Amino acid sequence: MLVHDIIKIKYVQLGYIKKNYPYHLISDEEMFSAFIDLGSEHTSSLVDPNVRFFDRYYPNPFDETDEYVKKDADGNIIYKANLYDAYNNLKSYIVSTINSYLKAFEVSGNAIHLPNWIYTYMLGEVVYQQSDYLDIQDTLALLGCSNIDNEFTKDACIACYKTSLDYTSTLATNTRPPTVFGEPHIIKSLRLGT
Amino acid sequence: MQYLKIDKTLSLSKLASIVGERNVDTVLNANSLDRSVDIGQDFISRAVKLAEDEVVTTYQQKLNIINQFVGDSDLFEKAALSEEHAWATLTYYNSFPDAMRVPEDVHLNPAEGVLGNGEPIPDRVYNACVESLKTTHSIDPSIFAIYNASFSGGSYGIAANPDHAIGTPFQYFKFPWGEVSLYSTLDDKMIYFPVYPKGFEDGYTANYEDMPEMLYQYEPWKVYKSSGPREMSFTFHFHRDMWTGDHRDGYANNVIRRCEANCFPEYDGSLVKVPLVTLYIHGQNLITGVMTSCKKTWERPIGLDGFPLVCELTFSITEVSPEPLNYTTVKNKGLIG
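As given, the protein sequences belong to chains A and B, one line each in that order.
Heads up: the first sequence begins at 1 in the working numbering, then just goes up one per residue.
Heads up: the second sequence begins at 1001 in the working numbering, then just goes up one per residue.
Okay, here's the thing in structure tokens:
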């Protein structure tokens, strides 16, 4: 699959896959392993277990005590979530999705195609601190969190979570968890909202 | 021989953008490194480990190392003035703790902080280093010192040229050596002036256009077009005797020629490399940009070589700002002066 080839080339160039192998000599499992820690079942000599793409590009921006609270017009709390756990839920959902797809591949031998939003993380296209300066600026402006240093702050992550929560609530149950980063659905939702 | 200065933030992709994707593995092999995301961190932590292990380099090994660098005076000086852990890095990995060896067939842009100027080390300095190594097993940094304390009055640490005569009447004047300097990206070197510039003007401009064909308006409608550029002109008034006391020493000529050279590019095949210059005053970056003019005026008296002694050198720099400029960044700039 083209997107897998592109990701493999990217990870080789960035060093997340340690050998300079051509993409067709790298398995999907090695690619996923370079992206995120899939557990002890999936290890590879091509990947440094301490340096994974997801952990570098999208580390947890929250402390364990950070919470998101939604109130109604009267000030009553209608929704409350721990943001540290929200990030961990997102990460574990990605891991479990990849693992289930890998298992399906073992059984059927058919090519793996993950949900597109996971590929946006794998390609580094989800906006966070490592993103292009202009992408960060545009996303922060949409979120209403612009700042002089153009930093993707914790407040911006909370705003992302709020928007993503509204978006995911319109989907079927357990389709995906809300995110805390600048995923395309957040940018689209905010643009439509304006 | 060429080395690339790096820091611990260097990533593999950044290295690839400097040396080219196809040369990455060649460069890593030359430095006994494996591919990894944080290549700068790996490179520097390797040197730190050698320092922690307190690896000792014998003076014979040091001699062998500096002999490799006789063709490049900047590398020779860097190696000779290394600390003990840096000698160990050179011995074990053939690279400096903060500079990566790059094979000769890899072409680097000089603006990327490349060491290896291709200028041989003077015999006097080389012999003094070898003698110092043999007798004390270390190299005395004063071999590379350009002015000694008696010359500079102990006030100015930097000196411009090791061959300046000591004992001339000029040693009693406190010239601001090292205070005023012009850096050029093409040769990665400083030009030191023995004088401060005369007073100069500094400022920004904003450009607006009038909205055409506006009817019934009592004043023109201004449409913002652009800001800047910042242009500064500097004049240095100096005497050819100010370097060594002998106006036939050629140092004034050297300074003038090197300033004039910054009005021209360097051609490398189809590549045209344009110099960016930075004027430093008292260690502060006053302006970075391109030199747009350089002229000189000579005045009497006439020297022993039949040429005027007093020179007024004027050059103009148009700013190429290292940072994006807008209302906020200009407002928040540091102290003036």
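For each residue, glycine too, the CB sits at the ideal point set by N, CA and C.
No experiment lies behind these values; they were computed from the predicted model shown.
Mapping the DSSP letters down to three states, classify Ile1302/B as helix, strand or coil. strand
With a threshold of 7 Å on Cβ separation, who are the neighbours of Leu1075/B within its own chain once the five nearest residues in sequence on each side are excluded? Met1001, Tyr1003, Phe1069, Leu1115 and Gly1116
How many angstroms separate the CA atom of Tyr84/A from the CA atom of Asn1262/B? 56 Å
Reducing DSSP to helix, strand and coil, say where Met1190/B ends up. strand
Nearest to Val1195/B by CA position, among Phe1043/B, Ser1032/B, Ile1281/B and Arg1257/B, is which residue? Ile1281/B
Cβ pair count under 8 Å reaching 3, the segment 1130 to 1145 of chain B against the segment 1207 to 1218 of chain B: no
Does at least one heavy atom of the ligand NAD sit under 7 Å from the Cβ of Cys1129/B? Looking for the ligand NAD in the displayed structure turns up nothing, as the structure carries no ligands at all.
Beta strand (DSSP E) containing Cys1311/B: first to last residue? Pro1308 to Glu1319
May I ask you to list the residues that DSSP assigns as paired with Gln1284/B? Ile1281/B
Please give the ranges of any beta strand (DSSP E) in the segment 40 to 76 of chain A, keeping only runs that are unbroken, at least 3 residues long and fully inside the region. 67 to 71
Would you say Arg56/A reaches chain B, if we count a Cβ-Cβ gap shorter than 8 Å as a contact? yes
CA-to-CA distance, Thr1328/B to Asn147/A, given in whole angstroms: 12 Å
Sorted by chain position, which residues of the same chain lie with C-beta nearer than 7 Å to Pro1191/B's C-beta, five sequence neighbours on each side aside? Reading off the sequence shown, one finds Ile at residue 1191/B, where the question assumed Pro. Closer than 7 Å at Cβ, skipping near neighbours: Ser1181, Leu1182, Val1255, Arg1258 and Cys1259.
Shorter than 8 Å from the beta carbon of Ile148/A to some beta carbon of chain B? yes
Residues of chain A with a CB under 7 Å from the CB of Leu1033/B: which are they? Near Leu1033/B there are no residues of chain A at all, since even the closest Cβ is about 11 Å away, more than 7 Å.
In the structure shown, what three-state DSSP assignment does Tyr1196/B receive? coil
CA nearest to the CA of Asn1127/B, picked from Phe1144/B, Gly1118/B, Glu1119/B and Glu1112/B: Phe1144/B
Own chain partners of Leu1090/B with C-beta closer than 6 Å, once the 5 adjacent residues on each side are dropped: Ile1065
Examine chain A for any beta-carbon lying closer than 8 Å to the beta-carbon of Asp1202/B, and answer yes or no. no
Can you find a C-beta in chain A that's less than 8 Å from the C-beta of Leu1012/B? yes
Only counting the same chain, and skipping five residues up and downstream in sequence, which positions put a Cβ closer than 6 Å to that of Gly1020/B? none
For Asp1241/B and Thr1235/B, what's the separation of their Cα atoms in angstroms? 18 Å
Any C-beta of chain B under 8 Å from that of Lys19/A: yes
Chain B within 8 Å of Val195/A, Cβ atoms only: With chain A covering only 1 through 194, there is no way to say anything about residue 195/A.
State the CB to CB distance for the pair Lys71/A and Arg1035/B, rounded to an integer number of angstroms; the pair is presumed to be in contact (CB under 8 Å). With 8 Å as the limit, Lys71/A and Arg1035/B do not qualify as a contact, their Cβ atoms being about 51 Å apart.
Under 8 Å between C-beta atoms, does Ala1030/B make it to chain A? no
Counting only C-beta atoms, is Asp48/A closer than 8 Å to chain B at any point? yes
Can you say whether Pro1301/B is buried or exposed, counting buried as having 16 or more other CB atoms within 10 angstroms of its CB? exposed
Option in Ile1018/B, Lys1296/B and Ser1316/B with minimal Cα separation from Leu1276/B: Ser1316/B
Limits of the alpha helix (DSSP H) - the one that Thr1328/B falls within: Tyr1327 to Lys1331
Can you find at least 3 beta carbon pairs, one from the segment 1036 to 1054 of chain B and one from the segment 1085 to 1103 of chain B, that sit closer than 8 Å? yes
Counting along the chain, where does the alpha helix (DSSP H) carrying Met1232/B start and finish? That residue, Met1232/B, is in no alpha helix (DSSP H); its beta strand (DSSP E) goes Glu1231 to His1239.
With 16 other Cβ atoms within 10 Å as the buried cut-off, status of Asn110/A: exposed
Could you please give me the residues that DSSP links to Val1223/B through a beta bridge? Glu1209/B
Within this structure, are the beta carbons of Gly1071/B and Gly1118/B separated by less than 8 Å? yes
What residues from chain A crowd round Glu1021/B, counting only those whose CB sits closer than 9 Å? Gln13
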